[in-house]
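Engineer:
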Amino acid sequence: MKNEVREYVAEKSKELMAAFSCSQEAKDAAQKWLDAAGTEKEAEETKAYIAELEADIVTVDGLISFAESEMGAKVFGGEEKAKGVAAHGRELKAAGAKYCDCPACAAVEAILAKKDEMLG
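Positions 1104 to 1223 (our numbering) are the ones given, in order, by the sequence shown.
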């Protein structure tokens, strides 16, 4: 992996780990990748990291569905707030977005945009 790609992914990985919306699994995968970056384990951890990120990123449709669920109402702090999140998801979809725009998903989307260069 080229050094500029490694540095970019490292920066975005730190943003991901700091995001309030980041899952523990994604944080753990990011840390493992950061620890392996530049070592003989980098290629192996890169594949595992990408697989975790692809599993964790939330599509706009997934965001809308979750926000409209009972669990979404609990997570987002009530039915009214959840309705607002669902409405935001519909706005994102109308604007052509593919993924949720929370800090974690935004960082994941940025990292996955470099997937080919990471695996290259």
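Glycine is no exception: its CB is placed at the ideal position from the N, C-alpha and C atoms.
Throw me the rounded Cβ distance for the T1149 and M1221 pair, which I believe falls under 8 Å.
Structural biologist: Position 46 of the sequence shown, counted from the first residue, corresponds to residue 1149. Position 118 of the sequence shown, counted from the first residue, corresponds to residue 1221. With a Cβ gap of about 5 Å, T1149 and M1221 count as contacting.
Engineer: I'd like to confirm something about K1201: is its beta-carbon nearer than 7 Å to some heavy atom of the ligand GDP, or not?
Structural biologist: Annotation note on the ligand GDP: not contained in the displayed structure, which lists no ligands.
Engineer: At the level of alpha carbons, what is the spacing between E1183 and M1120?
Structural biologist: Working through the sequence shown from its first residue, we reach residue 1183 at position 80. Working through the sequence shown from its first residue, we reach residue 1120 at position 17. Roughly 28 Å between the two C-alpha positions.
Engineer: Starting from the N-terminal side, write out each stretch of the alpha helix (DSSP H) that is 4 residues or longer and does not extend beyond the stretch 1136-1209.
Structural biologist: Runs found: 1145-1159, 1163-1170, 1173-1178 and 1182-1197.
Engineer: Spatial neighbours of C1203 within its chain, please: CB distance less than 6 Å, with the 5 preceding and 5 following residues excluded, ordered by chain position.
Structural biologist: Counting from 1 along the sequence shown, the entry for residue 1203 is found at position 100. If we look at C1203 and ignore the five residues flanking it on each side, its Cβ neighbours are V1161 and L1166.
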